[in-house]
Amino acid sequence: MKKRSVCMLISEHPYEDARIFEREAKSLVGAGYNVTMLVPQFKGTLLGVDGTPLKKKSRTVL
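Take any residue in the sequence shown, count from 1 to its spot, add 58: that is its number in this note's numbering.
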């Protein structure tokens with residue numbers, strides 16, 4: 059069976075926020091999901107959760 063994947067987009071909270079990392083991301087990994095978090099300031103893998111830093115973009119709409 060193919061493993062399911064979850065991508066979590068985090069814009070305001072640090073990646074290690076217990077509500078997000080401990081309760082959500084690690085729980086999903088423990089349940090067999092591949093988890094990727096898109097976060098402001100982390101790159102790499104921590105306890106089975108991949109992190110990719112977000113690049114700051116202009117908020118101007120053209």
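Think of the CB as a built atom: it goes at the ideal place given N, C-alpha and C, for glycine as much as any other residue. Given the structure is predicted, the values throughout are model-derived calculations rather than measurements.
Linking Phe79 to Lys60 through their CA atoms gives a straight-line distance of about 24 Å.
With fewer than 16 other Cβ atoms inside 10 Å of its own Cβ, Ala76 counts as exposed.
When rounded, the separation of the alpha-carbon atoms in Ser69 and Ala89 is 24 Å.
Boundaries of the alpha helix (DSSP H) harbouring Ser85: 84-88, taken from the DSSP string. Contact between Leu86 and Leu67 is absent: CB atoms are separated by about 14 Å, not below the 8 Å threshold.
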